[in-house]
Amino acid sequence: MKRFLATLAFITIAFTAWADHSDNGRCLDEIKHFQSLYKSTTASAEAKAQALAKRDLGNARRITGKEAECEALYKEAIALIQ
């Protein structure tokens, strides 16, 4: 039984870390969320283009260490393609 619970705990932690769409103040979770949505979106070509522009701005902010601005831009990009 202990082995089963340990395995279950490990699987739960592993999948939680993999999904990571929590709002923790870091831009990485929005990047993952955007990537998964963008692949499966049925948004218009114009919305996709606008979302990619926001994504690029977010990436530029992340490179300069402005995580909060990156996160805000990615949230806008996600809203465009949902």
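For the sequence shown, our numbering begins at 983 and goes up steadily by one.
Idealized CB from N, CA, C, for every residue including glycine.
Between the beta-carbon of residue 1058 and that of residue 1007 there is about 17 Å, and that puts the pair past the 8 Å contact cut. Boundaries for residue 1009: no alpha helix (DSSP H) harbours it, and the DSSP string shows neither H nor E there. When only Cα atoms are considered, residue 1015 and residue 1060 end up about 8 Å apart.
Shown here, residue 1025 sits in coil according to DSSP, grouped into three states, outside any helix or strand. For residue 1036, the number of other beta carbons within 10 angstroms of its own is at least 16, and it is reported as buried.
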